[in-house]
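What follows is the structure, given as C-alpha cells:
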C-alpha cells in the first residue's frame with residue numbers, strides 16, 4: 017500500500033513527518049511512504065532512506081492562515097495539493113496531512129472529488145472516552161450547515177468506518193441533541209431523528225453533550241457547527257481545569273510535595289482526555305482516503321495516523337463506501 | 017418589593033424554599049416573600065413566620081417530567097402557574113421557580129406574556145469563569161431555532177441586564193462561533209455578525225466555546241441549541257474529570273494520603289466550575305421578572321436567586337427593557 021504524506025504541513029513539519037515515516041517504513045515493509053515536499057529540505061533529513069520511502073517534489077506550502085479555497089486553487093504545486101493529486105491519479109492509496117484543515121477539505125472536494133451519492137463529506141475525528149474506546153464523531157467542522165439527509169449519510173459512513181477500520185459489528189449511532197427524548201431538539205435534529213430511525217443502521221437515539229465522554233454510542237452524528245462547539249467546549253473545559261489544578265497544587269510547599277506524589281495519577285487523567293491518542297481523522301465522503309492529522313502532531317501522533325490509515329486501506333474502506341452509496 | 021416563590025418546584029422543595037424565604041425575610045425586611053403552594057404543607061414548616069412572608073394557596077404541582085405546555089394549560093392551579101399569575105396581575109414584582117424549565121418558559125409566554133418588541137424570550141444563566149465574574153449567556157435552551165434578529169435582541173437584553181443588575185457600564189457582547197474571524201460560522205452566525213456590528217452595543221466579535229471560561233465577554237449570544245450543547249459539554253467534561261481524579265486519588269494508600277492534604281485545593285477548583293454559585297437565570301423578554309433556579313437548588317442557592325432578583329427589581333430592569341424595545 018502507498019501512503020502520501022504532506023511533509024510540509026503542521027506545526028512540527030517536516031521533522032516529525034520524516035521521523036514517523038522512517039519508523040513506519042521499518043515497521044511495515046509492505047508500505048510505501050511518499051513524502052511530498054521540497055527535496056532539498058527533506059533529503060538531508062532522510063539520509064540514506066530505506067527503499068520504501070520516496071520523495072515526491074512539491075515546492076510550495078499552504079500556510080495555516082491561508083484562505084483555504086483560494087490557496088488550493090493558486091498553490092497548485094504545494095505539498096498538500098500534490099499529495100491530493102497522487103490520490104486522485106491512483107498513485108497513492110491515501111494521503112495524510114497535518115496542515116490547514118480548511119484547505120484539506122477543499123482538496124477533498126476540488127482535487128480528490130466527492131464520492132458518488134454523497135452530498136457533503138464530513139470530518140470524523142475520534143473523541144476520547146473514559147473507557148479509551150472512543151467515539152467517531154462527524155461532522156466536526158467540514159460543513160457548518162447540514163440538512164437532515166446529510167446526517168443520515170454521516171451515520172452510514174461512520175458505521176462503515178467503525179466496522180471496517182475498528183472491527184465493530186453493529187456500531188451504535190447516536191444523534192447529538194439537547195435531550196434524550198425523541199421529540200427534543202431543533203428542526204434539523206427532529207427531522208434527522210425520523211430519518212435515522214428508518215436507516216439501515218443501529219440507531220440508539222439522541223445523545224447529550226454531557227454524556228459523550230461515557231461512550232453512549234460508537235458513532236455520533238451532528239452538524240459541523242454544533243459538533244465543533246461541543247469539541248472545543250470539552251477541550252476548553254479540560255484545559256482550564258488542569259490549569260486551575262496546576263496553580264492550586266503549586267501554591268504552597270506542602271501542596272507541591274503532595275502533588276509530587278500524585279504526578280503519575282494526574283498524568284493518567286490527562287492522558288484520558290488527550291485527543292492526540294486518536295490521531296488521524298478521515299474526511300469521509302470523498303473518493304479516496306484523505307486523513308487529517310492534528311496540527312500539533314509530533315512523530316508519535318503522525319505514526320498513529322499512519323497506522324490507522326494502513327488499517328483503512330487494508331480493509332478496503334473506500335471500496336466499501338463506494339459500494340454502499342453507488343446505488344443512491 | 018414582592019417576590020413570589022414557587023414553593024413546590026425543584027428537587028429540594030418545599031424545605032429549601034421555606035428555609036431560604038425565612039433567611040431572606042430576616043435579612044431584607046423591605047422584601048415581601050410570597051410562598052406559593054399547599055398551605056397544609058407550608059404552614060407547619062414556616063411556624064410563626066415573620067410578617068413579610070405570606071402563603072398563596074395552590075394545590076397542584078407541575079412535575080419535572082410533565083409535558084410543559086400541556087401542564088401549564090391543564091394545571092391552572094399549580095404553584096408555578098399561580099406564581100406566574102401573581103406577576104401578570106401586578107401582585108408580585110417577580111417570580112422564582114426551581115421547577116420544570118420548559119413549563120416555566122411556557123408560563124413566561126402564556127401567563128406572563130412577551131415584552132412588546134421581543135419575538136423570542138431567552139433563558140440567560142450565568143456561566144462560571146476563572147475570575148469568578150461570570151458570563152451571561154443566552155439563549156441556553158428556551159428556543160432551539162433562532163433567526164439572526166433574535167440574537168440581536170438577546171444582545172440588547174443581555175447588555176441591559178448586565179448593566180442594571182451587575183453594574184457593568186459597557187458590557188462586552190460576544191457571538192458564540194466556531195472561529196474568531198468575522199467570516200466564520202454557519203448561516204445564522206454570519207448574518208447575526210453583521211447585524212450585531214450595527215447594533216447599539218459593545219460588540220467584541222466571535223467567541224469560541226473553548227475560550228468561554230476565560231471570560232472573553234460579559235454577554236454571550238447564541239441559538240438555544242448550540243448554547244445548550246456548549247453548556248452541557250462543559251458540565252460533562254468537568255464532571256468526568258473530577259470523577260477520574262477521585263478514582264485515581266483513592267486508588268492506593270499513598271495517593272489517598274497525598275490527596276487528603278490537597279482536599280481544600282481540589283475543592284477550590286471544583287467551586288470555580290460550580291454553576292450553583294450563580295443561581296437564578298432570568299427569562300429575558302417576558303413582561304415581568306421570571307427567574308429560573310437550578311432544579312437541584314438548596315436553601316443557599318435559592319437565597320442567591322432571591323438576592324439577584326431583588327437587585328433586578330431594585331434597579332428597574334423590566335421598565336428599562338420595556339423602554340428599550342417599546343419603539344421597535
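Protein chains in written order, with this note's numbering: chain Z, 17 to 344; chain C, 17 to 344. Glycine included, every Cβ here is placed at the ideal spot set by N, Cα and C. For clarity, every value in this text was computed on a predicted model and none was experimentally measured.
Find the nearest neighbour of residue 127 of chain Z within the set Z/89, Z/156 and Z/70, judged by alpha-carbon distance.
Numbered from its first residue, the first chain carries residue 127 of chain Z at position 111. Here the closest residue by C-alpha is Z/89.
May I ask you to list, following chain order, the residues of the region 245 to 256 of chain Z that have a beta carbon less than 9 Å from some beta carbon of chain C?
The residues in question are 245, 246, 247, 248, 249, 250, 251, 252, 253, 254, 255 and 256.
Contact between the region 305 to 319 of chain C and the region 153 to 162 of chain C: three or more CB pairs below 8 Å?
Cβ pair count under 8 Å is below three, so no.
Please specify which runs of the beta strand (DSSP E), each continuous and at least 3 residues long, are wholly inside the region 211 to 253 of chain Z, giving them in chain order.
Counting whole runs of 3 or more residues, the region 211 to 253 of chain Z contains the beta strand (DSSP E) stretches 218 to 224 and 235 to 237.
Quick one: any contact between the region 181 to 196 of chain Z and the region 221 to 232 of chain Z, if contact means 3 or more CB pairs under 8 Å?
A contact exists between the region 181 to 196 of chain Z and the region 221 to 232 of chain Z.
So, under 8 Å CB-CB, residue 362 of chain Z and residue 297 of chain Z are touching, yes? Tell me the CB distance rounded to an integer number of Å.
Residue 362 of chain Z cannot be examined here, being either before or after the span of chain Z that is shown, 17 to 344.
Please list, in chain order, the chain C residues whose beta carbon lies closer than 8 Å to that of residue 201 of chain Z.
As a working mapping, residue 201 of chain Z is identified with position 185 in the first chain. Result: 160 and 241.
Between the C-alpha atoms of residue 44 of chain Z and residue 213 of chain Z, what's the straight-line distance to the nearest angstrom?
Here the question's residue 44 of chain Z lines up with position 28 in the first chain. Here the question's residue 213 of chain Z lines up with position 197 in the first chain. The alpha-carbon atoms of residue 44 of chain Z and residue 213 of chain Z are separated by roughly 42 Å.
Using a Cβ-Cβ cut-off of less than 8 Å, list which residues of the region 142 to 157 of chain C approach chain Z; keep chain order.
Listed by position along the chain: 146 and 157.
Just to confirm, is the Cβ distance from residue 173 of chain Z to residue 301 of chain Z under 8 Å?
Indexing the first chain from 1 puts residue 173 of chain Z at position 157. Indexing the first chain from 1 puts residue 301 of chain Z at position 285. Cβ atoms of residue 173 of chain Z and residue 301 of chain Z: closer than 8 Å.
Give the DSSP bridge partners of residue 143 of chain C, in chain order.
Taking the second chain and counting its residues from 1, one reaches residue 143 of chain C at position 127. BP columns for residue 143 of chain C point to C/151.
Name the residue from C/273, C/62 and C/84 whose alpha carbon lies nearest to the alpha carbon of residue 70 of chain C.
Position 54 of the second chain, counted from the first residue, corresponds to residue 70 of chain C. When only C-alpha atoms are compared, the closest one is C/62.
At a CB-CB cut-off below 8 Å, which residues of chain Z make contact with residue 288 of chain C?
Taking the second chain and counting its residues from 1, the one referred to as residue 288 of chain C is at position 272. Under the 8 Å cutoff, chain Z gives 260.
Which partner residues does residue 193 of chain Z have in the DSSP bridge list?
The residue you call residue 193 of chain Z lines up with position 177 of the first chain. Per DSSP, Z/224.
Determine the direct distance from the alpha carbon of residue 252 of chain C to that of residue 334 of chain C, and round the result to whole angstroms.
Sequence index remark: in the second chain, residue 334 of chain C carries index 318 (1-based). Sequence index remark: in the second chain, residue 252 of chain C carries index 236 (1-based). Each residue's alpha carbon lies about 34 Å from the other.
State the Cα-Cα distance for the pair residue 54 of chain C and residue 23 of chain C, rounded to the nearest angstrom.
Here residue 54 of chain C corresponds to residue number 38 of the second chain, with the count starting at 1. Here residue 23 of chain C corresponds to residue number 7 of the second chain, with the count starting at 1. When rounded, the distance between both Cα atoms is 9 Å.
Hey, would you say the C-beta of residue 235 of chain C is under 7 Å away from at least one heavy atom of the ligand ADP?
Among the ligands in the structure shown, none appear at all, so the ligand ADP cannot be discussed.
Using a Cβ-Cβ cut-off of 7 Å (strictly less than) and excluding sequence neighbours within five positions of residue 82 of chain C, which residues of its own chain qualify?
Position 66 of the second chain, counted from the start, is the residue given in the question as residue 82 of chain C. Here the set comprises 116 and 119.
Near residue 234 of chain C, what residues of its chain come up, given a Cβ to Cβ distance below 6 Å and the 5 sequence neighbours on each side ignored?
Looking up residue 234 of chain C in the second chain gives position 218. Excluding residues within five positions, the ones whose Cβ falls inside 6 Å are 178, 184, 187 and 188.
What do you reckon, are the CB atoms on residue 99 of chain Z and residue 57 of chain Z nearer than 8 Å?
Residue numbering aside, residue 99 of chain Z sits at position 83 when the first chain is read from its first letter. Residue numbering aside, residue 57 of chain Z sits at position 41 when the first chain is read from its first letter. Result no, Cβ atoms of residue 99 of chain Z and residue 57 of chain Z do not sit closer than 8 Å.
When you compare only the Cα positions, how much space is there between residue 14 of chain C and residue 107 of chain Z?
It is not possible to answer for residue 14 of chain C, since the shown part of chain C is limited to 17 through 344.
Rounded to whole angstroms, what is the Cα-Cα separation between residue 145 of chain Z and residue 288 of chain Z?
Here residue 145 of chain Z refers to the residue found at position 129 of the first chain. Here residue 288 of chain Z refers to the residue found at position 272 of the first chain. Distance between the alpha carbons of residue 145 of chain Z and residue 288 of chain Z: 7 Å.
Considering just the uninterrupted stretch of the alpha helix (DSSP H) at residue 274 of chain C, what are its terminal residues?
Residue 274 of chain C sits at position 258 when you count from the first residue of the second chain. Residue 274 of chain C -> alpha helix (DSSP H) spans 269 to 277.
Within its chain, find whatever has a CB closer than 8 Å to the CB of residue 329 of chain Z; leave out the 5 residues flanking it on each side and keep chain order.
For the purposes of this step, residue 329 of chain Z is taken as the residue at position 313 of the first chain. Hits under 8 Å: 17, 19, 109, 110 and 305.
Could you give the DSSP three-state label for residue 203 of chain Z: helix, strand or coil?
What you label residue 203 of chain Z is simply residue 187 of the first chain in a count that begins at 1. Here residue 203 of chain Z sits in helix by DSSP.
Which two residues bound the contiguous alpha helix (DSSP H) that contains residue 61 of chain Z?
Here residue 61 of chain Z refers to the residue found at position 45 of the first chain. Looking at the DSSP string, the run of the alpha helix (DSSP H) that includes residue 61 of chain Z is 55 to 62.
Name the chain Z residues whose beta carbon is nearer than 8 Å to that of residue 312 of chain C?
Walking along the second chain from the start, residue 312 of chain C turns up at place 296. What residue 312 of chain C touches in chain Z: nothing, since even the nearest Cβ is about 14 Å away.
Along chain Z, in chain order, which residues have C-beta atoms closer than 7 Å to that of residue 225 of chain C?
Counted from its first residue, the second chain places residue 225 of chain C at position 209. Result: 245, 248, 249 and 252.
Would you tell me roughly how many angstroms separate the C-alpha atoms of residue 237 of chain Z and residue 49 of chain C, rounded to the nearest one?
Translated into positions along the first chain, residue 237 of chain Z becomes position 221. Translated into positions along the second chain, residue 49 of chain C becomes position 33. Going by the C-alpha atoms only, they are around 47 Å apart.
Only counting runs of 4 or more residues, tell me where the alpha helix (DSSP H) segments fall wholly within the region 70 to 114 of chain Z, in order along the chain.
Complete alpha helix (DSSP H) runs here, min 4: 84 to 90 and 95 to 104.
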